[in-house]
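Asks: One structure, as structure tokens, below. Some questions next.
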Amino acid sequence: MTESTDVSDLITALPEQPRSAMLNLRALIHATATETGVAVEEALKWGQPSFAPPKRIGTPIRLNWSQKTPDRIDLLVHCQTTLVSDWRALFPEFSYDGSRALHIPLDREISKDALSVLIASALTYRKKAKAGET
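Residue numbering for the sequence shown is 1 to 134, as defined by the numbering used here.
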């Protein structure tokens, strides 16, 4: 689990509030990966920080902050998974975008424990799908 210089540079260039939130999310993704025993490869994909587990274990997580939606960070997963649907069932109080993203507001805290559950489910998605646990 190495941190990418490209990802570091992109995060450093963000305004203070999204930068701080993005750094916290990045640390939480790495901590959750360690706790679940999944190695993640950090890189920029489509200009966004991406955290990819091994292909047969999970699905990549990407983070996005945009000036078009400056009040949130999006945690994105592959849209052909059931992850966002599963997350909605677990945490209906959160805001989502279709089958693709969780919206993380910058003006209020979301439980790190809840986020860790969502992150772990993405990092181990394919492993669970194979076992019939989705």
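By construction, the Cβ of each residue, glycine as well, lies at the ideal position given by its N, Cα and C atoms. As the structure is a computational prediction, the values presented were derived from the model and not from experiment.
(1) Excluding the 5 residues preceding and the 5 following I104 in the sequence, name in chain order all residues of the same chain whose CB lies nearer than 8 Å to its CB.
(2) From the DSSP output, which residues share a beta bridge with I110?
(3) Among residues of its own chain, excluding the 5 on either side of K55, which ones have a beta-carbon nearer than 8 Å to its beta-carbon?
(4) Taking the continuous alpha helix (DSSP H) assigned at Q17, which residues delimit it?
(5) Do you know how far the Cα of Q80 is from the Cα of S4?
(6) Going by CA-CA distance only, name the one from P15, A52 and L118 that's closest to F94.
(7) For T82, which of P18, L63, S121 and E41 has the nearest alpha-carbon?
(8) Could you tell me which uninterrupted beta strand (DSSP E) segments, each at least 3 residues in length, are contained entirely in the segment 58 to 82, listed from first to last along the chain?
(9) Alpha carbon to alpha carbon, how far is A101 from P18?
Replies: Taking the definition as stated:
(1) Here the question's residue 104 lines up with position 104 in the sequence shown. So the qualifying residues of the chain are A21, L25, R72, I73, D74, L75, I110 and L115.
(2) Taking the first residue of the sequence shown as position 1, residue 110 is located at position 110. BP columns for I110 are empty, so no partner.
(3) Here residue 55 refers to the residue found at position 55 of the sequence shown. If we look at K55 and ignore the five residues flanking it on each side, its Cβ neighbours are R126.
(4) Counted from its first residue, the sequence shown places residue 17 at position 17. E16 to T36 is the extent of the alpha helix (DSSP H) around Q17.
(5) Within the sequence shown, the letter at position 4 stands for residue 4. Within the sequence shown, the letter at position 80 stands for residue 80. Distance between the alpha carbons of S4 and Q80: 27 Å.
(6) Your numbering for residue 94 matches position 94 in the sequence shown. When each option's Cα is compared against that of F94, the closest is L118.
(7) Counting from one through the sequence shown, the residue named residue 82 turns up at place 82. The option with the nearest alpha carbon to T82 is S121.
(8) 61 to 66 and 69 to 76
(9) Residue numbering aside, residue 101 sits at position 101 when the sequence shown is read from its first letter. Residue numbering aside, residue 18 sits at position 18 when the sequence shown is read from its first letter. Cα to Cα, A101 sits roughly 17 Å from P18.
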